[in-house]
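**Q**
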Amino acid sequence: MFSSANQAWATRWEDFNKWNKRFNFTLDVCAGFGDQKCDNFYTPVDNGLAQDWTTDHNNKSNNFWCNPPYGAQQKIWVNEGFTQKANGVFLLPSRTDTILFHDTIVKGQKSGYCEIEFIKGRITFGSDDYWDWVWDQTELNGKPNSLYKKYGKMNPAPFASMLVKCGE
20 MFSSANQAWA
30 TRWEDFNKWN
40 KRFNFTLDVC
50 AGFGDQKCDN
60 FYTPVDNGLA
70 QDWTTDHNNK
80 SNNFWCNPPY
90 GAQQKIWVNE
100 GFTQKANGVF
110 LLPSRTDTIL
120 FHDTIVKGQK
130 SGYCEIEFIK
140 GRITFGSDDY
150 WDWVWDQTEL
160 NGKPNSLYKK
170 YGKMNPAPFA
180 SMLVKCGE
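For the sequence shown, position 13 matches number 32 in the numbering used here, and the numbering has no gaps at all.
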């Protein structure tokens, strides 16, 4: 029902900073180009799926942050974190009717590996630069832009979200 050609939705700093205060992230395993949230990060060129999420180059424990691409790749990212038994947090859509939720996340919760925290309300994705660009477009996808010059208004995601905290 809700689909997009773009499956990478950047976490806004406002939300990330709030969660980072609680979880102290050290590694962004799924950073885009220019939207990394931690000093240590993997971009698509680095292929975070092929990297160690558990320790850094000094063999210190990592606490990962992962806002994976939404869509088919999401399951791959979650499974990688679970396979590595890494410590950290995933930001995911709260889709409790999916195989990923029941066969991976709920099983992980029952085993004590992860905790699920549902986010109240709907969060907004995208960098401030992205929203500045959107607000200045008179048209989007060939249609009049309802946000045109309405600074300060950001549309929330069309779905609820959750944090899945993994590890210790």
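No residue lacks a Cβ here, since even glycine has one placed at the ideal position from N, Cα and C.
#1: For Asn-50, count neighbouring Cβ atoms within 10 angstroms of its own Cβ and tell me buried if that reaches 16, exposed if not.
#2: Going by beta carbon distance, what residues of the same chain come within less than 8 Å of Gln-128, once the five residues before and after it are set aside?
#3: Suppose the cutoff is 8 Å on Cβ atoms and the five residues either side in sequence are ignored; what does the same chain contact list for Gly-107 look like?
#4: Check whether the region 52-70 touches the region 27-41, counting contact only when three or more Cβ pairs, one atom from each stretch, lie closer than 8 Å.
#5: For Arg-141, which option in Leu-111, Ile-118, Asp-122 and Asp-116 has the closest C-alpha, if you only look at C-alpha atoms?
#6: Around the C-beta of Phe-35, are 16 or more other C-beta atoms found within 10 angstroms, so that it is buried, or is it exposed?
#7: Please go through the region 98-159 and give each complete alpha helix (DSSP H) segment of 4 or more residues, from N-terminal end onward.
#8: What is the C-beta distance between Phe-144 and Ala-176, in whole angstroms, given that I count them as a contact (C-beta under 8 Å)?
#9: Among Ile-124, Trp-32 and Gln-156, which residue has its Cα nearest to the Cα of Phe-109?
#10: Please say whether Tyr-61 and Gly-67 have beta carbons closer to each other than 9 Å?
#11: Where does Asp-34 sit, in a helix, a strand or coil, going by DSSP?
#12: Output the distance between the C-alpha atoms of Lys-79 and Ala-105, rounded to the nearest integer angstrom.
#13: Residues bridged to Cys-185 by DSSP?
#14: With the cut-off set at 9 Å, would you say Gly-180 and Ser-130 are in Cβ contact?
**A** Straight from the coordinates:
#1: Within the sequence shown, numbered from 1, the residue matching residue 50 stands at position 31. It is Ala, not Asn, that sits at residue 50 in the sequence shown. Here Ala-50 is buried: its Cβ has 16 or more other Cβ atoms, across all protein chains shown, within 10 Å.
#2: Position 109 of the sequence shown, counting from 1, holds the residue named residue 128. Cβ within range, chain order: Glu-134 and Ile-135.
#3: Taking the sequence shown and counting its residues from 1, one reaches residue 107 at position 88. Cβ neighbours of Gly-107 beyond the five flanking positions: Phe-42, Phe-44, Leu-46, Val-48, Trp-72, Asn-81, Asn-82, Phe-83, Trp-84, Cys-85, Gly-100, Lys-184, Cys-185 and Gly-186.
#4: The answer is yes - the region 27-41 touches the region 52-70, with three or more Cβ pairs under 8 Å.
#5: The count along the sequence shown starts at 1 and reaches residue 141 at position 122. Among Leu-111, Ile-118, Asp-122 and Asp-116, the Cα nearest to that of Arg-141 is on Leu-111.
#6: Position 16 of the sequence shown, counted from the start, is the residue given in the question as residue 35. Phe-35 is buried by the Cβ-count criterion.
#7: The qualifying runs are 126-129 and 147-155.
#8: As a position in the sequence shown, residue 144 is number 125, starting the count at 1. As a position in the sequence shown, residue 176 is number 157, starting the count at 1. With a beta-carbon spacing of about 6 Å, Phe-144 and Ala-176 fall inside the 8 Å limit used to define contacts.
#9: The count along the sequence shown starts at 1 and reaches residue 109 at position 90. Ranking the options by Cα distance to Phe-109, first place goes to Ile-124.
#10: As a first step, residue 67 must be located in the sequence shown, where it is residue number 48. As a first step, residue 61 must be located in the sequence shown, where it is residue number 42. The Cβ-Cβ distance between Gly-67 and Tyr-61 falls below 9 Å.
#11: By one-based count along the sequence shown, residue 34 stands at place 15. Helix at Asp-34.
#12: Taking the first residue of the sequence shown as position 1, residue 79 is located at position 60. Taking the first residue of the sequence shown as position 1, residue 105 is located at position 86. Going by the C-alpha atoms only, they are around 13 Å apart.
#13: Locating residue 185 in the sequence shown gives position 166, where the first residue counts as 1. Paired residue(s): Gly-107 and Cys-133.
#14: The residue you call residue 180 lines up with position 161 of the sequence shown. The residue you call residue 130 lines up with position 111 of the sequence shown. Residue identity differs from the one stated: residue 180 is Ser in this sequence, not Gly. The criterion of a C-beta distance shorter than 9 Å is not satisfied by Ser-180 and Ser-130.
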